[in-house]
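Line by line, the protein sequences give chains V and U.
Residues in the first sequence are numbered consecutively from 1, following the working numbering.
Residues in the second sequence are numbered consecutively from 1001, following the working numbering.
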Amino acid sequence: MLGVSEDATQEEIRAAYRELVKKYHPDQYANNPLSDLAQEKLKEINLAYDMLADKSHNGRGPSGGAYGAGAGPGMEFAQIRDMIVRGNIQGAESALNAIQGRNAEWHYLYGVVCLRKGWYDQAREHMQKAVRMEPNNVEYRAGLNNINSMSFGYGRSYQRSGMQGDSGGLCNICATLWCADCCCECMGGDFIPCC
Amino acid sequence: MFGYVQPLRPELRVRDMALYRAFYCGQCKAVSRRYGAIARGFLSYDTALLGLLSAALSVQDAGVRNERCIASPIKKKPVARPCAATEFAADANVILAYNKLRDDWRDERSKKAAAGRVFLSRAYRRARRARPDMAGAVETLMEELAVLERAGCPRMDEAADVFARMMQAVFAELGAESGDARALSWMAYNLGKWVYLTDAFDDLEKDVARGCYNVIWLQYGREGDAAACRREMREAVGFNLKTSLSQCAAAYELLNVRRYKELLDNIIYLGLMDRTERVLKGESKQADGSI
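Here's what the structure looks like:
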């Protein structure tokens, strides 16, 4: 489960455990319809770690799901939030479509519904609209931030691979050193004497 | 699909490259065995992922053996042994290739597509018999997509949704026996969405010049030229592509992958991302081996 060999040290087990917890943390699956699967996986990982590690540990992630916190004026929005929490996305969508007056909360909730459907473009548009209509609402701003940062973790291993640069890494290092040297020279010093 | 789903080769270990080739060859041999030599000409790299994923999720591993083939008649090369995974990839390949040709013929009246259809029709009838659910769903959704495109749908989420559901239908047979159906379905949806939007952005100039349907051009509002559209829409398209990929990867992590994880990781995290970056920069070319 943890992907460590039988004779792994406590250090290795802890490192593998930490890596996996990071991967399946509720925050990573905040707007993902598979969040319950991720939580199950996390439970299994915790179980495996408890079996391997002899001393108890703490720092497990709290479970996610922060909907339903807002104080909507209408009963309808509260019901729709409830539907979203229970995973009834289709029901929430048709309920939202039936509402006439479209205020900031409507756009926010519609954005959440779009996100769960995988309609990221519309999701962002509606969240932006909600934030524009009520710039001081913390919930809407957090929702928009959340959408914008969804893809951040994904590209990390690609960036680490060094494939994305226009020029080689070595060139960049040389150029940086040369620039630094020029700056030094301007200030009277010189740490690369030959240039 | 359009040949976009491939590993990032410079980052691939030699043995993983051999494994990837072996699955591609295994799929090719399966197509030849099940559908005849002509159908081999319509092979795509995309479905190699399907075969690989299917083998990675199945309990038993058929493994790889050294074989000769037409392309390499003297030197033996590693080829994935015939198994449910290679057959699945072969069937999916024929079904997707045929429907793509039919779509091209309808849209562009391309002579190449018309000829290809004739060559593939026998194979397709057989594939349809083998996988009626998959073929039926692909036909229905291709039709739905054609209707949407004829109506000039200007929302990328809506157009990509149809294609993404088609990918779900293809992946559905893959998850039938494993307990990974839900994760596979969400992975397929997001991968399909990524493929559709990647293709649309990659073909932007070509579609605009020919007057063909392109959802990004329509969402942009059809003002100015394709270059302006590319500049304006790059951020939005990039956001959608990367968000889809991050969800695809999150679903992939929940699968019960039993083997070939390094190669799959390379495709999911490096190959797809590299293609995204290149398409966004406008330097992607239609990939080799595409249908």
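For glycine and all other residues, C-beta sits at the position ideal for the given N, C-alpha and C.
For clarity, every value in this text was computed on a predicted model and none was experimentally measured.
Item, Value
"Thinking C-alpha only, which one of A1113/U, E1108/U, M1156/U is nearest D1207/U?", "E1108/U"
"So, helix, strand or coil for E1253/U, using DSSP?", "coil"
"Can you grab the Cα-Cα spacing for the pair T1198/U / G1003/U, in whole Å?", "11 Å"
"Cα-Cα, which of V1195/U, Y1220/U, A1226/U is closest to E1205/U?", "A1226/U"
"Residues of the region 1181–1210 of chain U with a CB closer than 7 Å to any CB of chain V: list them in chain order, please.", "R1182, A1183, W1186, Y1189, N1190, K1193"
"One question on the structure: do A1135/U and R1126/U come within less than 8 Å of each other, judged by their Cβ atoms?", "no"
"Looking at the secondary structure, which residues open and close the beta strand (DSSP E) in which I99/V lies?", "Looking at the DSSP string, I99/V is not in any beta strand (DSSP E), and its letter there is neither H nor E."
"Can you list the residues of chain V that M1273/U reaches, using a CB-CB cut of under 7 Å?", "G155, Y158"
"If you compare alpha carbons, which of A104/V, M75/V, L115/V is closest to E93/V?", "L115/V"
"Where DSSP assigns a beta bridge to D1155/U, which residues make up the other side?", "Checking the displayed sequence, the identity of residue 1155/U turns out to be Arg instead of Asp. BP columns for R1155/U are empty, so no partner."
"For chain U, find out if any of its Cβ atoms is closer than 8 Å to the Cβ of A142/V; answer yes or no.", "no"
"With a threshold of 8 Å between beta carbons, is A1284/U in contact with chain V?", "A small fix is needed here, since residue 1284/U is Ser in this sequence, not Ala. No, no contact with chain V."
"Output the boundary residues of the alpha helix (DSSP H) element that contains E139/V.", "138–148"
"Counting only beta-carbon separations shorter than 8 Å, does E1253/U have a partner in chain V?", "yes"
"Here's the rule: buried if 16 or more other CB atoms are within 10 angstroms of the residue's CB, otherwise exposed. What is K1075/U?", "exposed"
"Label K1111/U either buried or exposed according to how many other C-beta atoms from any shown protein chain fall within 10 Å of its C-beta, with 16 as the threshold for buried.", "exposed"
"Got a sec? Which residues, its chain only, sit under 8 Å from Q197/V by beta carbon, not counting five neighbours each side?", "Any property of residue 197/V remains undetermined from this structure, which presents chain V solely from 1 to 195."
"Determine, for M133/V, whether the minimum Cβ-Cβ distance to residues of chain U falls below 8 Å.", "no"
"Buried or exposed for K1281/U, going by 16 or more other Cβ atoms inside 10 Å?", "exposed"
"Within 10 angstroms of its Cβ, does R81/V collect 16 or more other Cβ (buried), or is it exposed?", "buried"
"Which residues bound the beta strand (DSSP E) around E1067/U?", "1064–1069"
"Distance cutoff 8 Å, beta carbons only. Does R116/V sit that close to anything in chain U?", "no"
"Contact defined as beta carbons within less than 8 Å: I believe S1044/U pairs with N1093/U. What is the distance between those atoms, to the nearest angstrom?", "6 Å"
"Span of the alpha helix (DSSP H) holding I1074/U?", "Looking at the DSSP string, I1074/U is not in any alpha helix (DSSP H); the run it does join, the beta strand (DSSP E), is 1072–1080."
"Answer yes or no: does any C-beta atom of chain V fall closer than 8 Å to that of F1171/U?", "no"
"Where do the ends of the alpha helix (DSSP H) carrying N1099/U lie?", "1084–1108"
"Which two residues bound the contiguous alpha helix (DSSP H) that contains N88/V?", "Neither: N88/V is in no alpha helix (DSSP H) and is coded neither H nor E."
"Let me check you understand the geometry: is the CB of E1235/U closer than 7 Å to at least one non-hydrogen atom of the ligand FAD?", "As far as ligands go, the structure on display features none, and thus does not contain the ligand FAD."
"The alpha helix (DSSP H) that contains M1187/U, what's its start and end?", "1181–1202"
"Quick one, which of R1155/U, S1284/U, R1131/U, R1009/U has its alpha-carbon nearest G1221/U's?", "R1155/U"
"Closer than 7 Å by beta-carbon distance: list the chain U residues that pair up with A38/V, in chain order.", "L1254"
"Using a beta-carbon distance below 8 Å, is W119/V in contact with chain U?", "yes"
"DSSP on Y1004/U, reduced to helix/strand/coil?", "coil"
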